[in-house]
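The structure appears right after this line, and notes come after that.
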Amino acid sequence: MANKFINITSSQVDFSNHNFLMLDTCTVIQLANENKDLLQFVKNAALNQVDFCYSVKTVEELNILSESQNFPPDKRQANANRGFFINSSQQQANRILNKINKIPNMCKEPIGEINSDMIPKIQENALKYKLRWGDAVILTIAKENNINGIVTFDGDYNHVAEDLTIFKGNNKV
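No gaps in the numbering here: position 160 of the sequence shown is 160 in the UniProt record's numbering, and each next residue is one more.
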């Protein structure tokens with residue numbers, strides 16, 4: 001199978017070679033925001049017995065994003081109320097995960113692990129495919145778990161040239 005980019009809004013998405021697709025972090029957020037194109041894609045995938053998953057890296061990125069949105073820039077204020085801001089951040093990330101975990105064909109636990117054995121593979125994938133660290137981690141976890149498709153809304157996987165299908169969304173909400 002050659003490298004393929006498939007628009008998720010295409011009426012002729014062929015799921016025949018896929019039974020499990022990895023969502024990157026941007027896609028998880030789009031799904032939680034009820035992106036209509038993505039919801040239809042997920043529904044069509046379910047009709048074709050395709051399941052979805054997300055990685056431990058996505059859980060990490062959701063928590064980092066939530067912290068960046070909740071912690072005030074003033075260190076004194078942040079330190080004085082650190083517990084409150086941590087709790088708010090975790091609740092925000094958990095709301096996103098709880099929402100997407102309600103999707104019937106969604107794996108309820110994150111896939112993969114990041115350990116010292118993975119670091120050389122992640123670095124290799126980052127250089128080979130011109131990926132930033134987070135995307136290289138997600139790609140490496142997908143490959144390590146024999147997942148041959150990634151759903152994304154950003155262009156970061158444009159250089160991936162393996163036997164992998166990139167399902168691409170266009171309209172973020």
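From the three backbone atoms N, C-alpha and C, an ideal C-beta is built for every residue, glycine too.
- It is roughly 7 Å from the alpha-carbon of Glu61 to the alpha-carbon of Thr25.
- Beta-bridge annotation (DSSP): Phe5 is paired with Ile166.
- Where Ile96 is concerned, the enclosing alpha helix (DSSP H) starts and stops at 82-100.
- DSSP places Tyr129 in the uninterrupted alpha helix (DSSP H) bounded by 118-129.
- Contact between Phe52 and Asn105 holds, since their C-beta atoms are separated by about 6 Å, short of 8 Å.
- For Cys26, the uninterrupted alpha helix (DSSP H) run begins and ends at 25-32, by DSSP.
- When C-beta atoms of the region 97-117 are compared with those of the region 140-148, three or more pairs fall below 8 Å, so the two segments count as touching.
- Assignment of beta-bridge partners to Val151 by DSSP yields Leu23, Phe167.
- Listed as beta-bridge partners of Cys53 by DSSP are Met22.
- Put simply, the backbone Cα of His18 is about 22 Å away from that of Lys57.
- Remark: C-beta atoms of Asn44 and Val173 do not approach each other more closely than 7 Å.
- Counting other Cβ atoms within 10 Å of its Cβ, Leu23 reaches 16 or more and is therefore classed as buried.
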